[in-house]
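Colleague: One structure is given below, represented as structure tokens, and several questions about it will come after.
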């Protein structure tokens, strides 16, 4: 009987299997008497007459809320996600807003090999590239929630952010409840990484770099009107004085502990003005006219890395997957990420596995759908 249970379990798809520790607990908890009852009086090692079906152990699998592979992954797959988390507050169509916990957001974006969330095949990620996070406090809390989800010690996931505590900007942020709008007033960008799998040397975090923009009221003139989005060319009004900080970018170079493989990751959030007029800096329209550019520091780290990853909320549609080909990267995912539009992008250099869901997680608890990729190394 025990052999039959294990054979049936092994025949299931990875996403359907019970975590090994839960299976062990289940098997050892069965008494000899209950085994005989389950088998209708057969000897313990005699297989049932009926062939096992994929539903045999369905009742034993954990509920979606508890389903995931606990502990660190041991395979040679780098799991990467990119999402504008909107400060974990979703804007609804009726003007209300809904606060989302870090844990609920993570459950909504982390997927198994089949692209499904909430299954026993979901494995701890290696990198989360995020936009619109409040600063170090929220980033570290989010990282600790991620550690807890997979039964890992607090501090296993660490955060890099551009601005530790950026100044507030804006007013309601389109929330009828001002207390929720206030949660969106501080915005920066960051990278969450798994210290169990990735190391980070002190000199391998870039200086921040600013996005470009076309200051309102300035003629575009084919990019001649573009400037860097930072003082003295930032928003002139008091309410939006520090809005430019939401578009500051940062990058880092990590090393995979198991193999020594170097991994470059960057997070960017381009301003809304990039939608109509691509700008990357002074008189600069960016790489292939998209508004995208990499800082000098970041470029050096990128050039010294084997695997390369750039996650962007570009606020711009129709950016080709070939945009960063000269940097060795290809864009993954073509589905809409914000309403009916695709404005979020994930560019990668590496052996990216196929995705059954077009690298885009439709049920993301954010106004932006998450992008992901699993990279063999």
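Numbering (the numbering used here), first residue to last: 866 to 1242.
All C-beta atoms, glycine included, are put in the ideal place defined by N, C-alpha and C.
In this text the structure is predicted, and so the values were computed from the model without any measurement.
(1) Please list the terminal residues of the continuous beta strand (DSSP E) segment that includes residue 1134.
(2) Alpha carbon to alpha carbon, what distance is there between residue 1148 and residue 1166?
(3) If distances are taken between C-alpha atoms only, which option among 1033, 1084, 1050 and 1031 comes closest to residue 1040?
(4) Answer with buried or exposed for residue 1231, where buried requires no fewer than 16 other C-beta atoms within 10 angstroms of its C-beta.
(5) Look up residue 955 in the DSSP assignment and give the residues it is bridged to.
(6) So, with DSSP's three-state summary, where would you put residue 1214?
(7) Along the chain, where does the alpha helix (DSSP H) containing residue 1046 start, and where does it finish?
(8) Look up residue 1110 in the DSSP assignment and say whether it is helix, strand or coil.
(9) Could you check the C-alpha separation between residue 1037 and residue 982 for me, to the nearest Å?
(10) Between the beta-carbon of residue 1202 and the beta-carbon of residue 1233, is there less than 8 Å?
(11) For residue 1136, does the count of other Cβ atoms within 10 angstroms reach 16, so buried, or fall short, so exposed?
(12) Just curious, the beta strand (DSSP E) that residue 1007 is in, first and last residue?
(13) CA-CA distance, residue 985 and residue 1016?
(14) Taking the alpha-carbon positions, what's the residue 1093 to residue 947 distance?
(15) Are residue 1173 and residue 1129 close, meaning C-beta to C-beta below 8 Å?
(16) Where do the ends of the alpha helix (DSSP H) carrying residue 1164 lie?
(17) Return the CA-CA distance between residue 1113 and residue 1048, expressed in angstroms with no decimal places.
(18) Is it the case that the Cβ atoms of residue 1156 and residue 1179 are separated by a distance below 8 Å?
(19) Applying the 10 Å Cβ sphere with the 16-neighbour rule, what's the burial state of residue 966?
(20) What is the DSSP secondary structure of residue 917, counted as helix, strand or coil?
(21) Taking the beta carbon of residue 1032 as the centre, do at least 16 other beta carbons fall within 10 Å, making it buried, or is it exposed?
(22) Let me check one thing: in DSSP terms, what residues is residue 1063 bridge-paired to?
(23) Tell me the residue span of the beta strand (DSSP E) that contains residue 992.
(24) Do you know how far the Cα of residue 1206 is from the Cα of residue 1102?
Modeller: Based on what the coordinates show:
(1) Residue mapping note: residue 1134 aligns to position 269 of the chain shown, counting from 1. Taken as a continuous stretch (DSSP letters only), the beta strand (DSSP E) holding residue 1134 covers 1127-1134.
(2) Here residue 1166 refers to the residue found at position 301 when the chain shown is read from its first residue. Here residue 1148 refers to the residue found at position 283 when the chain shown is read from its first residue. Pairing residue 1166 with residue 1148, the inter-Cα distance amounts to about 25 Å.
(3) Within the chain shown, the letter at position 175 stands for residue 1040. Among 1033, 1084, 1050 and 1031, the Cα nearest to that of residue 1040 is on 1050.
(4) Counting from 1 along the chain shown, the entry for residue 1231 is found at position 366. Counting of Cβ neighbours within 10 angstroms places residue 1231 among the buried residues, the total reaching 16 or more.
(5) Here residue 955 is taken as the residue at index 90 of the chain shown, counted from 1. Checking the DSSP bridge columns, you'll see residue 955 partnered with 963.
(6) Working through the chain shown from its first residue, we reach residue 1214 at position 349. Looking at residue 1214 - three-state DSSP - the assignment turns out to be strand.
(7) Taking the first residue of the chain shown as 1, we reach residue 1046 at position 181. Annotation for residue 1046: the continuous alpha helix (DSSP H) segment containing it runs 1043-1047.
(8) By 1-based counting over the chain shown, the position of residue 1110 is 245. If DSSP states are grouped into helix, strand and coil, residue 1110 belongs with the helices.
(9) On the chain shown, residue 1037 is found 172 positions in, with the first residue counted as 1. On the chain shown, residue 982 is found 117 positions in, with the first residue counted as 1. Approximately 32 Å, taken between the alpha carbons.
(10) Locating residue 1202 in the chain shown gives position 337, where the first residue counts as 1. Locating residue 1233 in the chain shown gives position 368, where the first residue counts as 1. In contact: residue 1202 and residue 1233 (Cβ atoms closer than 8 Å).
(11) Counting from one through the chain shown, the residue named residue 1136 turns up at place 271. Buried is the call here.
(12) Start at 1 with the first residue of the chain shown, and residue 1007 comes out as number 142. From DSSP, residue 1007 is part of no beta strand (DSSP E) but of the alpha helix (DSSP H) over 1001-1014.
(13) In the chain shown, residue 985 corresponds to position 120, counting from 1. In the chain shown, residue 1016 corresponds to position 151, counting from 1. The alpha-carbon separation between residue 985 and residue 1016 amounts to approximately 14 Å.
(14) Sequence index remark: in the chain shown, residue 1093 carries index 228 (1-based). Sequence index remark: in the chain shown, residue 947 carries index 82 (1-based). The straight-line gap from Cα to Cα measures roughly 24 Å.
(15) Walking along the chain shown from the start, residue 1173 turns up at place 308. Walking along the chain shown from the start, residue 1129 turns up at place 264. Cβ atoms of residue 1173 and residue 1129: closer than 8 Å.
(16) One-based indexing of the chain shown puts residue 1164 at position 299. Unbroken alpha helix (DSSP H) run through residue 1164: 1161-1168.
(17) Counting from 1 along the chain shown, the entry for residue 1113 is found at position 248. Counting from 1 along the chain shown, the entry for residue 1048 is found at position 183. Roughly 19 Å between the two C-alpha positions.
(18) As a working note, residue 1156 is residue 291 in the chain shown. As a working note, residue 1179 is residue 314 in the chain shown. Yes, they are a contact pair.
(19) On the chain shown, residue 966 is found 101 positions in, with the first residue counted as 1. It is exposed - the Cβ of residue 966 has fewer than 16 other Cβ atoms within 10 Å.
(20) What you label residue 917 is simply residue 52 of the chain shown in a count that begins at 1. Confidence is the limiting factor: at residue 917 the pLDDT is only 38, short of 50, which leaves the residue's position unreliable and the question unanswerable from this model.
(21) Residue numbering aside, residue 1032 sits at position 167 when the chain shown is read from its first letter. Within 10 angstroms of the beta-carbon of residue 1032 lie fewer than 16 other beta-carbons, which makes it exposed.
(22) Within the chain shown, residue 1063 is the residue found at index 198, counting from 1. In the DSSP output, where bridge partners are listed per residue, residue 1063 has 1121.
(23) Taking the chain shown and counting its residues from 1, one reaches residue 992 at position 127. It spans 992-998 - the beta strand (DSSP E) in which residue 992 sits, taken as one unbroken run.
(24) What you label residue 1102 is simply residue 237 of the chain shown in a count that begins at 1. What you label residue 1206 is simply residue 341 of the chain shown in a count that begins at 1. The alpha-carbon of residue 1102 is positioned some 30 Å away from that of residue 1206.
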